[in-house]
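Q: Quick one: the structure is below, questions incoming.
Number of protein chains: 2
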Amino acid sequence: MLTAKQHELLLFINQRLDESGISPSFEEMKEALDLKSKSGVHRLIGALEERGFIRRLANRARALEVMKMPEGRNVGGNNVARFAPVKESKPQIQIPVAANDVMEIPLHGKIAAGVPIEALEGQNSLSVPMALLGAGEHYALEVSGDSMIEAGILDGDYALIRKANTARDGEIVVALVRGEEATLKYLRREGQQIRLDPANGSYEPQYYAPHEVEVQGKLAGLLRRYH
Amino acid sequence: MLTAKQHELLLFINQRLDESGISPSFEEMKEALDLKSKSGVHRLIGALEERGFIRRLANRARALEVMKMPEGRNVGGNNVARFAPVKESKPQIQIPVAANDVMEIPLHGKIAAGVPIEALEGQNSLSVPMALLGAGEHYALEVSGDSMIEAGILDGDYALIRKANTARDGEIVVALVRGEEATLKYLRREGQQIRLDPANGSYEPQYYAPHEVEVQGKLAGLLRRYH
DNA sequence: CATGAATGGAACGATTAGAGAACAAAAGTG
DNA sequence: CACTTTTGTTCTCTAATCGTTCCATTCATG
Chain A
639 MLTAKQHELL
649 LFINQRLDES
659 GISPSFEEMK
669 EALDLKSKSG
679 VHRLIGALEE
689 RGFIRRLANR
699 ARALEVMKMP
709 EGRNVGGNNV
719 ARFAPVKESK
729 PQIQIPVAAN
739 DVMEIPLHGK
749 IAAGVPIEAL
759 EGQNSLSVPM
769 ALLGAGEHYA
779 LEVSGDSMIE
789 AGILDGDYAL
799 IRKANTARDG
809 EIVVALVRGE
819 EATLKYLRRE
829 GQQIRLDPAN
839 GSYEPQYYAP
849 HEVEVQGKLA
859 GLLRRYH
Chain B
639 MLTAKQHELL
649 LFINQRLDES
659 GISPSFEEMK
669 EALDLKSKSG
679 VHRLIGALEE
689 RGFIRRLANR
699 ARALEVMKMP
709 EGRNVGGNNV
719 ARFAPVKESK
729 PQIQIPVAAN
739 DVMEIPLHGK
749 IAAGVPIEAL
759 EGQNSLSVPM
769 ALLGAGEHYA
779 LEVSGDSMIE
789 AGILDGDYAL
799 IRKANTARDG
809 EIVVALVRGE
819 EATLKYLRRE
829 GQQIRLDPAN
839 GSYEPQYYAP
849 HEVEVQGKLA
859 GLLRRYH
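Chains as they are written, first to last, in my numbering: chain A, 639 to 865; chain B, 639 to 865.
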């Protein structure tokens, strides 16, 4: 899927993001790739974006985000044991259903504060209006618990998650902690630490080393049902 | 399903992708298959693509991607605990099933505390999974304001409303007050009075005589979008 | 020998890559 | 707010790599 240069750049970006949480600038990438001009970096970034490996905010400095890594490679190089949760997969192509701006996305189970994702690997799926999703690969999780209640995310809601390996500060992510607990939390970086913030005064923020936390996706939408 | 050459090529591509994450070029594949011209590779790639084993970006260098491998190779579905050197499975492309469990409902405008519904009776509509709705006639409103924030209903959310003329105590309703203001509130009865409760400590409950309040619908679902 | 399929060859055009510079847009500073 | 620095964008050239296409040739088979 990638050329050697694209691969090299992707690795570098991912590494920097993992270590410091800060996107490298074009200048820094230029140095890392041993180039003498930034224009090349620009093209490579374009190629990576086109292929869905990274995502970026246009005209913003240091606003890169890694969506996936080539072939199984684990992001952040953390060799933590992992349990049932989200299986890494090849990009699944989501084609809008004809005549309907709706998509079927897989329902991967429940997510709760402090509790692993229940791997209810059933064939469950959810129909979701495309208007709620952006580009990319998505899945749904049923929210369990009240740790995000102040962000308007209630017990029983369905969280629509876009797969990603990194996220920017302040975004709500599905974070796999030490390979065993997956939780939905605000992601924030403080120095060399990763901080996972609940949205509930009764819970405390938790701090981790970067290698202990793996971002599996970010919150892209929410569905709730009143009976 | 595959000819010997096709099979050989697929294996080679998969191996290279696995080892280095970098797609082989036509030249390299030519060498690997012991061919003396790239045109043969071109045909093989075409065949593999046609059969859904690989996918590629047209006119892009080294932009191959393996979608699945031949034979009963395990494709996803493993729910066993897995450890770090995760061997990748190649999930099949997920094509959404024709979703007939979807409904188009009209988007009637915005609703806010203390402000009439904006009658933007345009062509706007929203596709919504039927799972979020019950029986009956529904429409959607964009929520404006923070008066229901403690009920997890935020500014910008889409409220799915089921038309109804009555509601039980404690339900969230669209209430038309004195024929002019439509608001989203908790409905409660106190003696001969109707009480409309916001879910926000900064706002006060409001009391009305029964004839002043007309229930237009009850909250049936909620959609939110994070960008 | 005819035929269709697979292979070889080479020309062609497009993409990728490197460099340099000028410019525009954000972020930071006082 | 004005000014400076940092950062991202765009353009032009040049060269090498890569993918595409068309056509001739070979091969296996009946």
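Yeah, the Cβ is synthetic: ideal placement off N, Cα and C, and Gly gets one too.
1) Is residue 858 of chain B closer than 8 angstroms to residue 746 of chain B when the C-beta atoms are compared?
2) To the nearest angstrom, how far is the alpha carbon of residue 813 of chain A from that of residue 794 of chain A?
3) Taking only three categories from DSSP, how would you classify residue 748 of chain B?
4) Which residues of chain B have a Cβ atom closer than 7 angstroms to the Cβ of residue 641 of chain A, listed in chain order?
5) In the DSSP output, what is residue 835 of chain A paired with across the bridge?
6) Going by beta-carbon coordinates alone, are residue 824 of chain A and residue 810 of chain A separated by less than 8 angstroms?
7) Check whether the stretch 782-791 of chain B touches the stretch 763-773 of chain B, counting contact only when three or more Cβ pairs, one atom from each stretch, lie closer than 8 angstroms.
8) Within 10 angstroms of the Cβ of residue 642 of chain B, are there 16 or more other Cβ atoms? Answer buried if so, exposed if not.
9) So that I know if they touch, is there some Cβ in chain B lying closer than 8 angstroms to that of residue 767 of chain A?
10) Closer than 9 angstroms by beta-carbon distance: list the chain B residues that pair up with residue 777 of chain A, in chain order.
11) The alpha helix (DSSP H) that contains residue 654 of chain B, what's its start and end?
12) Return the residue from the list B:707, B:741, B:802, B:681 that minimises the CA-CA distance to residue 855 of chain B.
13) Run through DSSP, which three-state label would residue 671 of chain B get?
14) Tell me the DSSP secondary structure of residue 681 of chain B in three-state form.
15) Check this for me: beta carbons of residue 704 of chain A and residue 749 of chain A, under 8 angstroms apart or not?
16) Measuring alpha carbon to alpha carbon, tell me which of B:769, B:830, B:840 ends up nearest residue 784 of chain B.
17) Just mark residue 807 of chain A as buried or exposed, buried being the case when its beta carbon has 16 or more other beta carbons within 10 Å.
18) Taking residue 845 of chain A as the reference, give the member of A:771, A:864, A:815, A:860 with the closest Cα.
19) Starting from residue 810 of chain B, trace the beta strand (DSSP E) in both directions and tell me its first and last residue.
20) So with Cβ pairs under 8 angstroms, would you call residue 845 of chain B a contact of chain A?
21) How would you write the range of the beta strand (DSSP E) that residue 692 of chain B sits in, first residue to last?
A: Looking at the coordinates:
1) On the second sequence, residue 746 of chain B is found 108 positions in, with the first residue counted as 1. On the second sequence, residue 858 of chain B is found 220 positions in, with the first residue counted as 1. No; because the gap between Cβ atoms is not below 8 angstroms, this pair is not in contact.
2) Position 175 of the first sequence, counting from 1, holds the residue named residue 813 of chain A. Position 156 of the first sequence, counting from 1, holds the residue named residue 794 of chain A. Their Cα atoms are separated by approximately 19 angstroms.
3) If you number the second sequence from 1, residue 748 of chain B lands on position 110. Three-state result, residue 748 of chain B: strand.
4) By one-based count along the first sequence, residue 641 of chain A stands at place 3. 660, 699, 700, listed in chain order.
5) Translated into positions along the first sequence, residue 835 of chain A becomes position 197. Answer is A:824.
6) Taking the first residue of the first sequence as position 1, residue 824 of chain A is located at position 186. Taking the first residue of the first sequence as position 1, residue 810 of chain A is located at position 172. Yes, the pair counts as a contact, with Cβ atoms nearer than the cut-off.
7) no
8) In the second sequence, the residue the question calls residue 642 of chain B occupies position 4. Per the 10 Å Cβ criterion, exposed.
9) Reading the first sequence from its first residue, position 129 is the one you call residue 767 of chain A. Interface residue, yes.
10) In the first sequence, residue 777 of chain A corresponds to position 139, counting from 1. Near residue 777 of chain A there are no residues of chain B at all, since even the closest Cβ is about 10 angstroms away, more than 9 angstroms.
11) Indexing the second sequence from 1 puts residue 654 of chain B at position 16. Element bounds for residue 654 of chain B: 642-658.
12) The count along the second sequence starts at 1 and reaches residue 855 of chain B at position 217. Among B:707, B:741, B:802, B:681, the Cα nearest to that of residue 855 of chain B belongs to B:802.
13) Here residue 671 of chain B corresponds to residue number 33 of the second sequence, with the count starting at 1. It is coil, neither helix nor strand.
14) Here the question's residue 681 of chain B lines up with position 43 in the second sequence. Looking at residue 681 of chain B - three-state DSSP - the assignment turns out to be helix.
15) Taking the first sequence and counting its residues from 1, the one referred to as residue 704 of chain A is at position 66. Taking the first sequence and counting its residues from 1, the one referred to as residue 749 of chain A is at position 111. Contact flag unset, no.
16) The residue you call residue 784 of chain B lines up with position 146 of the second sequence. Put simply, of B:769, B:830, B:840 the residue whose alpha carbon is nearest the alpha carbon of residue 784 of chain B is B:840.
17) Mapped onto the first sequence, residue 807 of chain A falls at position 169. So residue 807 of chain A ends up on the exposed side.
18) Mapped onto the first sequence, residue 845 of chain A falls at position 207. Among A:771, A:864, A:815, A:860, the Cα nearest to that of residue 845 of chain A belongs to A:815.
19) The residue given as residue 810 of chain B occupies position 172 in the second sequence. Per DSSP, the continuous beta strand (DSSP E) segment holding residue 810 of chain B begins and ends at 810-815.
20) Numbered from 1 along the second sequence, position 207 holds the residue referred to as residue 845 of chain B. Output row for residue 845 of chain B: interface = no.
21) Mapped onto the second sequence, residue 692 of chain B falls at position 54. Run containing residue 692 of chain B: 692-694, per the beta strand (DSSP E) assignment.
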